[in-house]
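Colleague: Okay, handing you the structure first.
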Amino acid sequence: MMTRMEIHALSSSQLPPRLAYSLAESEALSGLSRSTLYRLIVAGKLRTVQLGRRRLVPRSELEQLCQGAEK
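In the working numbering, the protein residues as written are 23 to 93.
Right, dumping it as structure tokens:
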């Protein structure tokens, strides 16, 4: 498992395409801060999946979030 600093050092093209990403990976992919992601989650604008103790953001949610910003 990569650390948050290692993830942020990667460009979005270096992250593997997966169905869901950790919050740190979601930060790197979206360019949004961790606190912004949490605000979106609390506001119901970003759906997450809880698997055990891990909270994952589905790729489709990140894509919808970015598409919504273009409108």
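For every residue, glycine included, the Cβ atom is placed at its ideal position computed from N, Cα and C.
Among residues of its own chain, excluding the 5 on either side of Arg56, which ones have a beta-carbon nearer than 8 Å to its beta-carbon?
Modeller: Leu45, Ala46, Glu49, listed in sequence order.
Colleague: According to the Cβ coordinates, are Arg76 and Arg40 closer than 8 Å?
Modeller: Not in contact: Arg76 and Arg40 (Cβ atoms no closer than 8 Å).
Colleague: Give the C-beta separation of Leu78 and Val71 to the nearest angstrom, bearing in mind that I take them to be a contact with Cβ-Cβ under 8 Å.
Modeller: Right, the Cβ-Cβ distance comes to about 5 Å (below 8 Å), so this counts as a contact.
Colleague: Is the distance from the Cβ of Leu11 to the Cβ of Leu73 below 8 Å?
Modeller: Residue 11 lies beyond the range of the chain shown here (23 to 93); nothing can be said about it.
Colleague: Please report the distance separating the alpha-carbon of Tyr43 from that of Leu51.
Modeller: C-alpha separation (whole angstroms): 9 Å.
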